[in-house]
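In order, the protein sequences belong to chains A and B.
Going by the numbering used here, the residue at position 113 of the first sequence is 325; the numbering climbs one at a time, nothing skipped.
Going by the numbering used here, the residue at position 3 of the second sequence is 13; the numbering climbs one at a time, nothing skipped.
Backbone N, C-alpha and C fix where the C-beta goes; we use that ideal spot for every residue, glycine too.
Bear in mind that the values here come from a model prediction, so they are computed numbers and not experimental data.
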Amino acid sequence: NAGVTQTPKFQVLKTGQSMTLQCAQDMNHEYMSWYRQDPGMGLRLIHYSVGAGITDQGEVPNGYNVSRSTTEDFPLRLLSAAPSQTSVYFCASSTETNYNEQFFGPGTRLTVL
Amino acid sequence: AQSVTQPDIHITVSEGASLELRCNYSYGATPYLFWYVQSPGQGLQLLLKYFSGDTLVQGIKGFEAEFKRSQSSFNLRKPSVHWSDAAEYFCAVSSGGYQKVTFGTGTKLQVIP
Numbered sequence: 213n214a215g216v217t218q219t220p221k222f223q224v225l226k227t228g229q230s231m232t233l234q235c236a237q238d239m240n241h242e243y244m245s246w247y248r249q250d251p252g253m254g255l256r257l258i259h260y261s262v263g264a265g266i267t268d269q270g271e272v273p274n275g276y277n278v279s280r281s282t283t284e285d286f287p288l289r290l291l292s293a294a295p296s297q298t299s300v301y302f303c304a305s306s307t308e309t310n311y312n313e314q315f316f317g318p319g320t321r322l323t324v325l
Numbered sequence: 011a012q013s014v015t016q017p018d019i020h021i022t023v024s025e026g027a028s029l030e031l032r033c034n035y036s037y038g039a040t041p042y043l044f045w046y047v048q049s050p051g052q053g054l055q056l057l058l059k060y061f062s063g064d065t066l067v068q069g070i071k072g073f074e075a076e077f078k079r080s081q082s083s084f085n086l087r088k089p090s091v092h093w094s095d096a097a098e099y100f101c102a103v104s105s106g107g108y109q110k111v112t113f114g115t116g117t118k119l120q121v122i123p
């Protein structure tokens, strides 16, 4: 099992550009989540999905879109990048049968100039 | 709403000394509790978890944690710290199902020779 994979590992964008962060999992987990990590802030939930076709907002959703067409994939789209979106982004998957223990990907470090 | 407090932002211990990292949570019912570790530039790895039963749980790398309902605490301990334990540690609480997982802001551990 590869677990949770994320691409790219690093990305530099200019203000106003758009991009998609990719996330995939091969554990057949029904839940998937996107977090951002900023110094001193811990991890904050951006969006999550409880199954294919079902997504919802977390605590910091503005400027991001998600979709979930398959169980395996959960891409995060930045619509018009802003410097405030400079962060490290983590995708995680989980399952109710394991009490929502989060399995994390390796992260994407994004810099917006 | 559930919340997690890690009161210590940064802790320094000598190699071989004992360690206790504090975590307090706020949640009305029985929580599901987790400790994760993040080495520099890496993703988050699960150290241990508490769902029910014995309130003292053992994890990987020689760590343990004790759930104390009366104090709303889930402190992480290790009897003898190794230099490789230098990392950032996150406490998290979940209420199960897809209720979001709430993370603390983290405690950065420095280990000195």
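Nonlocal neighbours in the same chain, by C-beta distance under 6 Å from Arg87/B, ignoring five residues either side: Glu30 and Glu74
If the cut is a Cβ gap below 8 Å, which residues of chain B does Tyr301/A touch? By Cβ distance, chain B contributes nothing, its closest Cβ being about 11 Å from Tyr301/A, past 8 Å.
Name the residues in the segment 295 to 320 of chain A whose C-beta lies less than 7 Å from a C-beta of chain B; which are they? Phe302, Glu308, Tyr311, Asn312, Glu313, Gln314, Phe316, Gly317, Pro318 and Gly319
Which residues in the same chain as Asn277/A place their Cβ atom closer than 7 Å to its Cβ, once the five residues preceding and following it in sequence are excluded? Arg289 and Leu291
7 Å Cβ cut-off: residues of chain A touching Lys59/B: Residues of chain A with a Cβ closer than 7 Å to the Cβ of Lys59/B are, in chain order, Glu313.
Are the segment 236 to 254 of chain A and the segment 100 to 119 of chain B touching, with three or more C-beta to C-beta distances below 8 Å? yes
Limits of the beta strand (DSSP E) - the one that Trp246/A falls within: Tyr243 to Asp250
Within 8 Å of any Cβ in chain A, is that where the Cβ of Thr117/B sits? no
Assigned exposure category for Arg79/B - 16 Cβ within 10 Å defines buried: exposed
Members of the segment 242 to 256 of chain A that neighbour chain B once the beta carbon cut-off is set at 7 Å: Tyr243, Gly252, Met253, Gly254 and Leu255
If we ignore side chains and look at the alpha-carbon of each, how far apart do Arg32/B and Ile266/A end up? 36 Å
Got a sec? Which residues, its chain only, sit under 8 Å from Pro295/A by beta carbon, not counting five neighbours each side? Thr227, Val324 and Leu325
Would you say the segment 36 to 44 of chain B touches the segment 90 to 109 of chain B, given that touching needs at least three Cβ pairs under 8 Å? The segment 36 to 44 of chain B and the segment 90 to 109 of chain B touch, with no fewer than 3 CB-CB distances between them shorter than 8 Å.
Leaving out five residues on either side along the sequence, give the residues of the same chain with a beta carbon under 7 Å from the beta carbon of Gln269/A. His259
So, is Gln81/B buried or exposed, given that buried needs 16 or more other C-beta atoms within 10 angstroms? exposed
With C-beta atoms as the reference, is Phe302/A less than 8 Å away from Leu255/A? yes
For Met231/A, report the span of its beta strand (DSSP E) as first-last. Met231 to Gln237
In whole angstroms, what separates the C-alpha of Ile21/B from that of Glu271/A? 28 Å
Please list the terminal residues of the continuous beta strand (DSSP E) segment that includes His92/B. Where His92/B is concerned, there is no enclosing beta strand (DSSP E), given that its DSSP letter is neither H nor E.
For Pro318/A versus Cys235/A, is the C-beta distance shorter than 8 Å? no
Please report the straight-line C-alpha distance between Ser305/A and Arg321/A, rounded to a whole angstrom. 19 Å
Is the Cβ of Tyr37/B closer than 8 Å to any Cβ of chain A? It does not: the Cβ of Tyr37/B has no partner Cβ on chain A nearer than 8 Å.
Using beta carbons (cut-off 8 Å, strictly below), is Phe113/B in contact with chain A? yes
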